[in-house]
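S.K.: Just passing along the structure, written as structure tokens.
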Amino acid sequence: MNLQLRYKPFVLPLLLLAIWQIAAMTYAQTSRMPVPADVVATGWQLLSSGELPLAMLQSLQRVLLGFACAASLALVLGTAMAAFEPIGRNLDPIVESFRPIAPIALLPLAILWFGTGTPAAAFIVGYAAFFPMLVNTIHGVRSIDQGLIRAARTLGVGKATILRTIVLPGALPNLFVGARLALGMAWTSIIAAELAVGAKAGGGSSGGIGQMMFVFYAYSVDLSGIIVCMIGVGVVALVIDRGIRAIEYWMIPWKR
3 MNLQLRYKPF VLPLLLLAIW QIAAMTYAQT SRMPVPADVV ATGWQLLSSG
53 ELPLAMLQSL QRVLLGFACA ASLALVLGTA MAAFEPIGRN LDPIVESFRP
103 IAPIALLPLA ILWFGTGTPA AAFIVGYAAF FPMLVNTIHG VRSIDQGLIR
153 AARTLGVGKA TILRTIVLPG ALPNLFVGAR LALGMAWTSI IAAELAVGAK
203 AGGGSSGGIG QMMFVFYAYS VDLSGIIVCM IGVGVVALVI DRGIRAIEYW
253 MIPWKR
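In case it helps, my numbering puts the sequence shown at residues 3 to 258.
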């Protein structure tokens, strides 16, 4: 039984690989679908040459920069909107007006304001990550038991202490949910951002994983390379998500 449970997570991926291999071999003459063996070979080549790690590092730096700026602003603004009703009432219409706007729609403004390169890409990423973090911060602060806050005030506890010992610990579960959603949105937007603003002259992996995918498509129609890049993004995003879950498990013992 334990052996079956241990290998059960690998059944579906292996089944999908088998279907992919059969489909690629069956329709090899009428489609451009690469076989898994070609993808593995291309992946090994990109890894051994250092091109894929360099591109992933470029993209990861932009994602983390944009996320850090967005999370910092969202924490401050979200706490203020939740704790002070006039601030929330006045800013909520503005937030809800901008929240439906897709990050990709801001690309022209990003290029005009920041040029091409990391600042513009980080701006797009930050915009994508800001709203999930903001909404979950507001919800987390508002969900705190007001009886605890009133009791603390009755005992003469200061506002800063209440914020540190009651508000932030109580909002942590929502903050971690917001962080995971925000990073997901950040990775979703970084590819599009790098396609438009993340390139250096001549393209290549120096522009991040998005530019690497564009080069594979535009100059060689290398679908194996594109798939390797997609898998790389998924793996890095999964590792980050698992890291956030581990930190959440450590910081919120009452959820175990």
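Each residue gets a CB set at the ideal place from its N, CA and C atoms; glycine is no exception.
Between S145 and the rest of its own chain, which residues show a CB-CB distance below 6 Å, the 5 nearest in sequence each way excluded?
M.R.: Looking up residue 145 in the sequence shown gives position 143. Excluding residues within five positions, none has a Cβ falling inside 6 Å.
S.K.: Counting C-beta neighbours from all protein chains within 10 Å, is the total for L109 16 or more, i.e. buried, or is it exposed?
M.R.: As a working note, residue 109 is residue 107 in the sequence shown. It is buried - the Cβ of L109 has at least 16 other Cβ atoms within 10 Å.
S.K.: Using the beta-carbon count (16 or more within 10 Å), is S99 buried or exposed?
M.R.: Working through the sequence shown from its first residue, we reach residue 99 at position 97. With fewer than 16 other Cβ atoms within 10 Å, it is exposed.
S.K.: Buried or exposed: M253, going by 16 or more other Cβ atoms within 10 Å of its Cβ?
M.R.: As a first step, residue 253 is located in the sequence shown; it is residue number 251 there, counting from the start. With fewer than 16 Cβ atoms within 10 Å of its Cβ, M253 is classed as exposed.
S.K.: Can you tell which of V143, F116, R182 has the C-alpha that lies nearest to the C-alpha of R244?
M.R.: By one-based count along the sequence shown, residue 244 stands at place 242. It is R182.
S.K.: Threshold first: 4 residues or longer. Then list the alpha helix (DSSP H) segments lying entirely within the segment 194-244, N to C.
M.R.: With a minimum length of 4 residues, the continuous alpha helix (DSSP H) runs that stay inside the segment 194-244 are 211-221.
S.K.: With respect to the alpha helix (DSSP H) encompassing L16, which residues constitute its N-terminal and C-terminal limits?
M.R.: Looking up residue 16 in the sequence shown gives position 14. Looking at the DSSP string, the run of the alpha helix (DSSP H) that includes L16 is 13-28.
S.K.: Identify every run of the alpha helix (DSSP H) within the segment 113-187, keeping only runs that are complete inside it and at least 4 residues long; order them along the chain.
M.R.: Listed in chain order, they are 120-144, 148-156, 161-164.
S.K.: In chain order, what are the residue ranges of uninterrupted beta strand (DSSP E) at least 3 long that sit wholly in the segment 77-118?
M.R.: For the segment 77-118, not a single whole beta strand (DSSP E) run of length 3 or above is found.
S.K.: How big is the Cα-Cα spacing for L62 and L240?
M.R.: One-based indexing of the sequence shown puts residue 62 at position 60. One-based indexing of the sequence shown puts residue 240 at position 238. One C-alpha to the other measures close to 13 Å.
S.K.: Confirm, please, whether the CB-CB distance from A123 to D192 is below 8 Å.
M.R.: Taking the sequence shown and counting its residues from 1, one reaches residue 192 at position 190. Taking the sequence shown and counting its residues from 1, one reaches residue 123 at position 121. Contrary to the premise, residue 192 reads as Ile rather than Asp in this sequence. Yes, these two residues count as a Cβ contact at 8 Å.
S.K.: Have a look at V37, L17, Q213 and flag the residue whose alpha-carbon is nearest the alpha-carbon of S226.
M.R.: Sequence index remark: in the sequence shown, residue 226 carries index 224 (1-based). If we check each option's Cα against that of S226, V37 comes out closest.
S.K.: Check this for me: beta carbons of A130 and P171, under 8 Å apart or not?
M.R.: Residue mapping note: residue 130 aligns to position 128 of the sequence shown, counting from 1. Residue mapping note: residue 171 aligns to position 169 of the sequence shown, counting from 1. Result no, Cβ atoms of A130 and P171 do not sit closer than 8 Å.
S.K.: Using the Cα positions of L224 and W22, report the straight-line distance between them to the nearest angstrom.
M.R.: The sequence position of residue 224 within the sequence shown is 222, counting from 1. The sequence position of residue 22 within the sequence shown is 20, counting from 1. Looking at the sequence provided, one finds Asp at residue 224 rather than Leu. One C-alpha to the other measures close to 17 Å.
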